[in-house]
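Peer 1: Mind looking over this structure? Questions follow.
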Amino acid sequence: ILNVEQSPQSLHVQEGDSTNFTCSFPSSNFYALHWYRWETAKSPEALFVMTLNGDEKKKGRISATLNTKEGYSYLYIKGSQPEDSATYLCASPRNSGNTPLVFGKGTRLSVIA
Amino acid sequence: DARVTQTPRHKVTEMGQEVTMRCQPILGHNTVFWYRQTMMQGLELLAYFRNRAPLDDSGMPKDRFSAEMPDATLATLKIQPSEPRDSAVYFCASGLSYTEAFFGQGTRLTVV
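Protein chains in written order, with my numbering: chain A, -10 to 102; chain B, 90 to 201.
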């Protein structure tokens, strides 16, 4: 059974602060790592899909890195804004590329103006 | 703007009643997933379909839950009888592969 762990569970930061959080996954049989952003009362939306060790993806002020050898990914937010407040989920395929995503429990970020 | 549509958005029902949740996947997507979000477990996979055929529903309590795709534009998740522990947000997602998931806005179910 694949275990995807995220930390911290929740995070409060001041507007303008930069922050980061972690997703851990088994390093064996790695296929891909997905990051989603989920705002309250909305649908989870895909941010990044990462497959290669050392991958770094960026979208505006949000970026993510991937280390498949040690089994972790970091999500960074530079200069947090109140609109960044959301739950950030990471997910990995259950067994291989032909199986659905298993999600972590998420990191709930609150950015205080 | 293509999106996954779920109905109803909110449902409050009494214990023992039947609940049916509906999902319209994005047109052309051949893979449909049902997930359940709870505080304790996070997003759990309940069942998924490929080309309308159920592939795995091992995440669902078999005695009370059932998932079907009567046609390519409709997926349903039914709970009968419902119990208070079924209270959660139920998400439908669709994609063109097993690892691509575009989510609907969810059905928030409260069983009292």
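Glycine is no exception: its CB is placed at the ideal position from the N, C-alpha and C atoms.
1. Got a sec? Which residues, its chain only, sit under 8 angstroms from residue 104 of chain B by beta carbon, not counting five neighbours each side?
2. Cα-Cα, which of A/74, A/30 and A/16 is closest to residue 41 of chain A?
3. So with Cβ pairs under 8 angstroms, would you call residue 90 of chain A a contact of chain B?
4. When the Cβ atoms of the segment 109 to 119 of chain B are set against those of the segment 20 to 37 of chain A, are three or more pairs found closer than 8 angstroms?
5. Is the CB of residue -4 of chain A under 8 angstroms away from at least one CB in chain B?
6. Taking contact to mean 3 or more Cβ pairs, one atom from each stretch, closer than 8 angstroms, check whether the segment -3 to 11 of chain A and the segment 32 to 40 of chain A are in contact.
7. Tell me whether the beta-carbon of residue 96 of chain A lies closer than 8 angstroms to the beta-carbon of residue -3 of chain A.
8. So, with DSSP's three-state summary, where would you put residue 159 of chain B?
9. Using a C-beta to C-beta distance shorter than 9 angstroms, which residues of chain A count as neighbours of residue 156 of chain B?
10. Mind pulling the chain B residues with CB within less than 7 angstroms of residue 21 of chain A?
11. Which parts of the segment 146 to 194 of chain B are runs of the beta strand (DSSP E), unbroken and 3 residues or longer, counting only runs that do not cross its ends?
12. List, in chain order, every chain A residue whose beta-carbon is nearer than 8 angstroms to that of residue 138 of chain B.
13. For chain A, check one thing: does any of its Cβ atoms lie closer than 8 angstroms to the Cβ of residue 132 of chain B?
14. Looking at the strands, I want to know which residues DSSP matches up with residue 56 of chain A.
15. Can you tell me which of the three DSSP states residue 143 of chain B falls into?
16. Which residues of chain A have a Cβ atom closer than 8 angstroms to the Cβ of residue 193 of chain B, listed in chain order?
17. Could you spell out where the beta strand (DSSP E) holding residue 257 of chain B opens and where it closes?
18. What did DSSP end up calling residue 71 of chain A once you bin it into helix, strand or coil?
19. Using only CA atoms, which one of A/0, A/101 and A/5 lies nearest to residue 68 of chain A?
Peer 2: Checking against the coordinates, here is how it stands:
1. So the list reads 170, 171, 172, 173, 200 and 201, once near-sequence residues are dropped.
2. The shortest C-alpha separation from residue 41 of chain A is found at A/16.
3. Chain B, which has a Cβ nearer than 8 angstroms to the Cβ of residue 90 of chain A, makes this yes.
4. Counting Cβ pairs under 8 angstroms, fewer than three are found: no touch.
5. So, not an interface residue.
6. No, they do not touch.
7. Closer than 8 angstroms, so yes.
8. In the three-state reduction of the DSSP assignment, residue 159 of chain B falls in the strand class.
9. Those within 9 angstroms of residue 156 of chain B in chain A number zero; the least Cβ separation is about 13 angstroms.
10. Within 7 angstroms of the CB of residue 21 of chain A, the CB atoms of chain B belong to 188, in sequence order along the chain.
11. Listed in chain order, they are 154 to 160, 163 to 168 and 177 to 184.
12. Ordered by position in chain A, no residue passes the 8 angstroms Cβ test against residue 138 of chain B, which lies about 11 angstroms from the chain.
13. Taking Cβ atoms only, chain A reaches closer than 8 angstroms to residue 132 of chain B, which makes this a yes.
14. Paired residue(s): A/61.
15. Residue state, collapsed to three classes: strand.
16. Using a Cβ-Cβ cut-off of 8 angstroms, residue 193 of chain B is close to 32 of chain A, given in chain order.
17. Beyond the ends of chain B as shown, which are 90 and 201, falls residue 257 of chain B; an answer cannot be given.
18. Here residue 71 of chain A sits in helix by DSSP.
19. Looking at the Cα atoms, A/5 is the closest of the given residues.
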